[in-house]
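In my numbering, the protein residues as written are 16 to 194.
Put into structure tokens, the structure is as follows:
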């Protein structure tokens with residue numbers, strides 16, 4: 016949690032204590048973003064206030080560098096009209112400065128669920144690619160056409176679909192030398 020003032024940090028600390036979340040608190044925007052850059056955090060809550068150019072640049076840099084998965088910006092004005100709303104990255108959410116514990120809990124829970132779903136989609140995608148490779152290998156292996164190039168075609172399929180560097184070593188019939 017990055018705050019411009021001790022009162023902001025105390026307010027968030029009291030809310031997170033009730034929610035039983037583990038959090039770190041840093042007063043000052045530069046120090047807070049430096050801390051986020053040097054550690055791995057899931058969610059960053061920052062006091063955006065009315066925003067300034069330095070803060071805008073720090074937010075952009077933090078998103079580009081993937082310092083945190085998600086940011087919740089607490090702002091004194093309408094987020095829909097702010098710089099944050101125009102960002103292409105969907106990892107930034109806004110709360111009005113008058114938010115309560117329920118809004119914060121709702122936001123944190125939604126971002127946590129979003130991250131979980133994102134990981135699930137990535138894992139499912141990997142499994143789909145594995146099944147595609149298995150399917151292509153099975154179809155090619157069972158195909159009677161041009162069996163002489165089968166090994167090289169299988170290598171190509173694995174390299175293209177999985178991105179692996181494949182090395183095959185063949186041995187002679189007596190298993191004495193590599194061909």
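Positions of the beta carbon are idealized from the N, C-alpha and C atoms, including for glycine.
Predicted, not measured: the structure shown is a model, and the values here were computed from it.
With C-beta atoms as the reference, is residue 71 less than 8 Å away from residue 38? Mapped onto the chain shown, residue 71 falls at position 56. Mapped onto the chain shown, residue 38 falls at position 23. No, the Cβ-Cβ distance between residue 71 and residue 38 is not below 8 Å.
In whole angstroms, what separates the C-alpha of residue 161 from that of residue 167? For this step, residue 161 is matched to residue 146 along the chain shown. For this step, residue 167 is matched to residue 152 along the chain shown. Approximately 11 Å between the Cα atoms of the pair.
For residue 176 versus residue 138, is the C-beta distance shorter than 8 Å? Taking the first residue of the chain shown as 1, we reach residue 176 at position 161. Taking the first residue of the chain shown as 1, we reach residue 138 at position 123. Result no, Cβ atoms of residue 176 and residue 138 do not sit closer than 8 Å.
If distances are taken between C-alpha atoms only, which option among 26, 25 and 30 comes closest to residue 121? Taking the chain shown and counting its residues from 1, one reaches residue 121 at position 106. The residue with the shortest Cα to Cα distance from residue 121 is 30.
Closest residue to residue 107 among 194, 90 and 182 (Cα-Cα distance): Counted from its first residue, the chain shown places residue 107 at position 92. Selected option, being the one with the closest Cα: 90.
Determine the contact status of residue 119 and residue 85, defining contact as a CB-CB distance below 8 Å. Reading the chain shown from its first residue, position 104 is the one you call residue 119. Reading the chain shown from its first residue, position 70 is the one you call residue 85. Going by C-beta atoms, residue 119 is not nearer than 8 Å to residue 85.
Residue burial classification, residue 61 (beta-carbon count within 10 angstroms, cutoff 16): Counted from its first residue, the chain shown places residue 61 at position 46. Buried, by the Cβ-count rule.
In whole angstroms, what is the alpha-carbon distance linking residue 35 and residue 142? Here residue 35 refers to the residue found at position 20 of the chain shown. Here residue 142 refers to the residue found at position 127 of the chain shown. Approximately 35 Å between the Cα atoms of the pair.
State the DSSP-derived secondary structure class of residue 47, mapped to helix, strand or coil. Along the chain shown, one-based indexing puts residue 47 at 32. Of the three classes helix, strand and coil, the one that applies to residue 47 here is helix, per DSSP.
On the three-state DSSP scale, how would you describe residue 35? Position 20 of the chain shown, counting from 1, holds the residue named residue 35. Residue 35 falls in the coil class under three-state DSSP.
Residues in the same chain with beta-carbon distance under 6 Å from residue 83, minus the five sequence neighbours each way, listed in chain order, please. The residue given as residue 83 occupies position 68 in the chain shown. Excluding positions up to five away in sequence, the list reads 51, 56 and 59.
Kindly indicate which three-state DSSP category residue 100 falls into: helix, strand or coil? Here residue 100 refers to the residue found at position 85 of the chain shown. With a pLDDT of 49 at residue 100, under the threshold of 50, the modelled position of that residue is not reliable, and the figure given next carries that caveat. In this structure, residue 100 counts as helix in the three-state DSSP scheme.
Backbone secondary structure at residue 3 - three-state DSSP: The structure shown does not extend to residue 3, since the chain is modelled only from 16 to 194, so the question has no answer here.
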